[in-house]
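The sequence shown begins at -6 in our numbering and counts up one residue at a time. Built from N, CA and C at the ideal position, the CB exists for glycine as well. A short worksheet on the structure shown next.
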Amino acid sequence: MVSVYKRLSTVTRIKSGAEDGSPKAKPMNAQRVLLLSSRGINARHRHLINDLAALLPHSRRESKFDSKKNLHDLNELADLYNCNNLLFLEARKQQDLYMHISKAPNGPRARFHVQNLHTMSELNFMGNTLKGSRPILSFDTAFNGEPYLRLLHELLTHTFGVPPTARKAKPFIDRVLAFIVADDRIWVRHYQIAKEEDDATKDEKLSLREIGPRFCLKPIYIQEGSFGGPIIYENKQFVSPNQVRADLRRRD
-6 MVSVYKRLST VTRIKSGAED GSPKAKPMNA QRVLLLSSRG INARHRHLIN DLAALLPHSR
54 RESKFDSKKN LHDLNELADL YNCNNLLFLE ARKQQDLYMH ISKAPNGPRA RFHVQNLHTM
114 SELNFMGNTL KGSRPILSFD TAFNGEPYLR LLHELLTHTF GVPPTARKAK PFIDRVLAFI
174 VADDRIWVRH YQIAKEEDDA TKDEKLSLRE IGPRFCLKPI YIQEGSFGGP IIYENKQFVS
234 PNQVRADLRR RD
């Protein structure tokens, strides 16, 4: 992680200090994300959307989407705002939250159940980063295994990876977004890269301080198209929260 941070910081300084007559670097990752939610979200879900908007300077925040059935209309909305990625938060019964990550307009689209949600205001960690800075994306080695995990790796990279040419992005890298696979879930953590100087050796040491938000994503299914098309992956072990609550009521 330290070597990756130093290499990216060096490239940023070289680009910023280049002469005017030098050729400009071609953008390698031209991505824009449309961020919006459905009706019926509660206060915690709203805080999560605000946190995600702060983490993604290349995102376009949009008002709530009224319909929960005609989700394919989101592709037209993304095309209207010139976005090629969709991050849609769907609330059910004002307590269950689902996240849709899609490549507009042709797909694929992944649907997750958001669990163990903690926003920045709830955690109140000491870490702090520059608003608009770009993150280093750290993925677990498990993403190189199953085919559906490799596909999710690409979707998460396109959605959470801030391109250097983003209009609101700052030319600094001072944070890490980590994606870890455990218990058939994707655990998301957000850290600050803190620099500390050793008094004895005068060398800089890098450490990670968690900022938040933190949450985990339970994959439900992956669709070939963007809010349409056949199902190319389905998690057979997923049990809906409604079914869990119904089973608990029967036991009582």
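Considering only the beta carbon of each residue, do residue i and residue j sit closer than 9 Å?
i: Ser131; j: Leu170; result: yes
i: Ile34; j: Ala84; result: yes
i: Phe118; j: Ile204; result: yes
i: Arg207; j: Ile186; result: no
i: Pro212; j: Ala135; result: no
i: Ile225; j: Leu145; result: no
i: Lys61; j: Ser95; result: no
i: Leu67; j: Pro101; result: no
Keeping to the same chain, check which residues put their C-beta closer than 8 Å to that of residue i; ignore five residues upstream and five downstream.
i: Ala259; result: Outside the modelled stretch of the chain, which goes from -6 to 245, sits residue 259, for which no answer is possible.
i: Val26; result: Leu49, His51, Ser52, Arg53, Cys76, Asn78, Leu79, Leu80 and Thr152
Rounded to whole angstroms, what is the Cα-Cα separation between residue i and residue j?
i: Glu139; j: Asn43; result: 32 Å
i: Phe247; j: Lys188; result: The first residue shown for the chain is -6 and the last is 245, placing residue 247 beyond what the model contains.
i: Arg160; j: Asp176; result: 37 Å
i: Arg143; j: Asn109; result: 24 Å
i: Tyr184; j: Leu28; result: 22 Å
i: Val107; j: Asn121; result: 24 Å
Residues in its own chain within less than 6 Å of residue i by CB, not counting five upstream and five downstream?
i: Met113; result: Asp44, Gly205 and Pro206
i: Glu190; result: Glu197
i: Asn228; result: Pro212 and Ile213
i: Ala251; result: The shown model of the chain, from -6 to 245, leaves out residue 251, and the question about it has no answer.
i: Arg243; result: none
Just to confirm my understanding: we take residue i, look at its own chain, exclude 5 residues before and 5 after, and list those with CB closer than 7 Å. What are they?
i: Thr150; result: Leu130
i: Phe105; result: Tyr91, Met92, Leu210, Lys211, Pro212 and Ile213
i: His40; result: Thr112 and Ser114
Contained alpha helix (DSSP H) runs [length at least 4] in the region 41 to 115, N- to C-terminal order: 66 to 73
Runs of beta strand (DSSP E) wholly within the region 143 to 188 (minimum 3 residues, chain order): 166 to 175
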